[in-house]
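39 is the number that the UniProt record's numbering gives to position 39 of the sequence shown; each next residue is one higher, with no gaps. This report concerns only the one structure given below.
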Amino acid sequence: MFAENGSGGSLTDITFTGGGVGLKGGSQQFTSQRLTFNGCDIGVQTIWDWGWVWKSITMTNVGVGFKLVGDGSAVNGNSKYPKAPF
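Quick look at the structure:
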């Protein structure tokens with residue numbers, strides 16, 4: 001999924017299975033919660049962000065959990081990453 005947004009928003013209760021990049025995006029003041037990534041090469045790749053909050057993220061058998069490419073900041077809490085290197 002590609003998501004690039006202006007100011008504010010959320011992604012909630014989505015499952016990504018397989019593929020190169022589960023979620024690729026950029027945003028400001030954005031929240032993502034209860035996302036599940038199974039067997040993706042890269043779970044999340046951010047191209048830019050100004051404060052993206054990640055909560056209750058689960059990644060299983062993912063090659064790279066988070067690939068933070070551009071400038072920005074991220075907060076991550078209450079998440080699980082079995083077999084997902086960073």
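Every residue, glycine too, gets a C-beta built ideally from N, C-alpha and C.
*Do residue 47 and residue 25 come within 8 angstroms of each other at the CB atom, strictly closer than that value?*
Counting from 1 along the sequence shown, the entry for residue 25 is found at position 25. Counting from 1 along the sequence shown, the entry for residue 47 is found at position 47. Contact flag set, yes.
*Please report the residue range of the beta strand (DSSP E) in which residue 59 lies.*
On the sequence shown, position 59 is the one that residue 59 refers to. Run containing residue 59: 58-60, per the beta strand (DSSP E) assignment.
*For residue 60, which option in 4, 31, 36 has the closest C-alpha, if you only look at C-alpha atoms?*
Taking the sequence shown and counting its residues from 1, the one referred to as residue 60 is at position 60. Among 4, 31, 36, the Cα nearest to that of residue 60 belongs to 36.
*Can the beta-carbon of residue 33 be found less than 8 angstroms from the beta-carbon of residue 51?*
By one-based count along the sequence shown, residue 33 stands at place 33. By one-based count along the sequence shown, residue 51 stands at place 51. Cβ distance not < 8 angstroms, so residue 33 and residue 51 don't count as in contact.
*At a Cβ threshold of 8 angstroms, is residue 82 touching chain C?*
No chain C is part of this structure, which consists of one protein chain only.
*Around the C-beta of residue 148, are 16 or more other C-beta atoms found within 10 angstroms, so that it is buried, or is it exposed?*
Past the edges of the chain, shown from 1 to 86, lies residue 148, and the structure says nothing about it.
*asked:* Using the Cβ count rule (16 or more neighbours within 10 Å means buried), how would you classify residue 10?
replied: Within the sequence shown, residue 10 is the residue found at index 10, counting from 1. Exposed, by the Cβ-count rule.
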